[in-house]
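I have placed the structure first, in the form of structure tokens, so that the comments after it can refer back to it.
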Amino acid sequence: MPQLFSLIILLVTAVSASGATKLSANCDHLPDKERNDCEATFEQELGLQYSKYFERNGDNLVLKAEAEGGSMTFTNIPSSSFSDYGDHYRLVAFYPDLKISHIRVSGWENFQSFVFQHTYGTVKNVLWKVVISPNDKLLVGFNGDIETGWSQNGVAIYSIDLGLNPLVSYYPDAFGITDIKFVDSKEIGLTTTCYAENADTIGPHIGTAKLKLSDSVWQIGQISCNE
């Protein structure tokens with residue numbers, strides 16, 4: 156195994172902001188080819204440790220559920236031409252305490268992200284990035300791709316205890332979400348990418364917004380776009 160990937164595999168175990176253990180290869184910062192190889196190596200190593208939950212059979216990534224009949228298979232779509240990369244599914248993170256896997260699919264202008272809850276066999280499309288709440292009760296998926304538009308901008312909250320039941324989702328046209336931070340159990344701060352009106356510079360700017368829980372409903376507000 157190349158030294159690069161040996162170093163990465165040594166760093167896959169980390170404690171997420173929630174306190175739950177998160178296993179991740181941290182490949183996002185690498186160029187496409189190295190990232191693909193990194194994710195493949197991580198997935199292989201993880202499959203050896205947690206064969207109870209998933210396995211790779213060629214183009215098929217099998218996610219195993221504890222519930223009868225709940226298992227699911229993601230199948231790669233091979234490229235059909237020089238410009239069509241095909242769609243490739245890859246396991247990029249696993250939360251063993253929560254029994255949740257994070258899968259990404261990448262292809263020609265196609266970038267999606269899924270989470271799979273092994274307890275029930277529940278699968279959800281969660282945009283791109285994933286964060287778990289500090290109390291391990293909520294899973295938040297979000298994405299910010301306002302420039303290219305190859306993937307959907309938005310944020311969605313799911314209840315982990317209720318089998319990833321969706322609590323709220325927002326898909327704004329004016330901004331995308333690049334980062335989130337839990338303030339407490341009833342407030343989430345969002346960092347956004349946006350186009351400011353009357354701005355002196357061209358291109359996306361950094362903005363903010365908040366998600367607040369009020370009367371059992373998550374609402375988005377305090378939206379701003381800094382010039």
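Position one of the sequence shown corresponds to residue 156 (our numbering), numbered consecutively onward. Even for Gly, the Cβ is constructed at its ideal location relative to N, Cα and C.
The shortest C-alpha to C-alpha distance from K341 to any of S369, D252, G376 is the one to S369. Your pair A175 and L253 checks out as a contact, with CB atoms roughly 5 Å apart and the cut at 8 Å. A distance below 6 Å between beta-carbons, with the five flanking residues on each side excluded, links L293 to the following residues of its chain, in chain order: I312. Distance check between V285 and each of L319, Y275, T274 places L319 closest, using alpha-carbon atoms only. Here the alpha carbon of Y208 sits roughly 7 Å from the alpha carbon of H273. With distances taken between CA atoms, K365 lies nearest to T347 out of T347, S371, N381, K188. In this structure, A180 lies near F197, with their beta-carbon atoms less than 7 Å apart. In this structure, Y326 keeps its C-beta atom at 7 Å or more from the C-beta atom of G344. DSSP places K284 in the uninterrupted beta strand (DSSP E) bounded by 284-287. Straight-line spacing of the CA atoms in G276 and P359 works out to 39 Å. Residue range 309-314 is occupied by the beta strand (DSSP E) that includes A311. By alpha-carbon distance to Y244, the top candidate from V217, S226, A222, P251 is V217.
When DSSP states are grouped into helix, strand and coil, E221 belongs to the coil group. Secondary structure of K292 (DSSP, three-state): coil.
Q199 and R211 have their C-alpha atoms roughly 8 Å apart. For G202, the enclosing alpha helix (DSSP H) has its first and last residue at 187-204.
The beta carbons of S256 and F271 sit closer together than 7 Å. In summary, T230 is exposed, with fewer than 16 beta-carbon neighbours lying within 10 Å of its beta-carbon over all protein chains present. In the three-state reduction of the DSSP assignment, C380 falls in the strand class.
DSSP, read as helix, strand or coil, puts G362 in strand. Y325: member of the beta strand (DSSP E) spanning 320-325, first to last residue.
Taken through DSSP and simplified to helix, strand or coil, K254 comes out as coil. Straight through space, the alpha carbons of V372 and D183 are spaced by roughly 33 Å. Contact check for I258 against F269 passes: the beta carbons are separated by less than 7 Å.
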